[in-house]
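**Student:** Numbering (our numbering), first residue to last: 4 to 102. Using N, Cα and C, we set each Cβ at its ideal position, and we do this for glycine too. Structure in C-alpha cells, see below.
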C-alpha cells in the first residue's frame, strides 16, 4: 500500500511539473548594455510586501521599508575581469559594489 501511495505521489508531482511550463527566455536583446548600472537596496528586517497579482511589466515602490544597505552592479565586458580565463565564453559580467 505504501509503495502505491509513493508511486501516486510521484506521478502527481511529475504531472504538476510538466504542466507548469511558465518559464521565461533570456535572449541577447534582454541583456542590458555595457556600462548599465543597477542599484539595489536591502534590509535585514523581516518584511512582508503584497506585490499584487502576477503579470508582466510591473514596478513596485515600497517607501515604507527602511533599506539601509545599498549596492550597485555595473554590466562590464567579461575580458575586463580577473576571472575571464574561468569563463571564456561569457558575454556579460557584473562588477559589484556594496556600500
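1) Where do the ends of the beta strand (DSSP E) carrying residue 96 lie?
2) Out of curiosity, what's the CA-to-CA distance linking residue 27 and residue 36?
3) Please look up how many angstroms separate the CB atoms of residue 97 and residue 76, rounded, as I've assumed it's under 8 Å.
4) Could you check what DSSP says for residue 86 in three-state terms: helix, strand or coil?
5) Is it buried or exposed, residue 4, if we count other Cβ atoms within 10 angstroms and call 16 or more buried?
**Tutor:** The relevant details are as follows:
1) Counting along the chain, the beta strand (DSSP E) containing residue 96 begins and ends at 96 to 101.
2) In this structure, the CA atom of residue 27 is about 20 Å from the CA atom of residue 36.
3) That belief holds up - the Cβ atoms of residue 97 and residue 76 are roughly 4 Å apart, short of 8 Å.
4) The answer is coil: DSSP assigns residue 86 none of H, G, I, E or B.
5) With a pLDDT of only 46 at residue 4, under the threshold of 50, the placement of this residue in the model should not be trusted, and no figure is reported.
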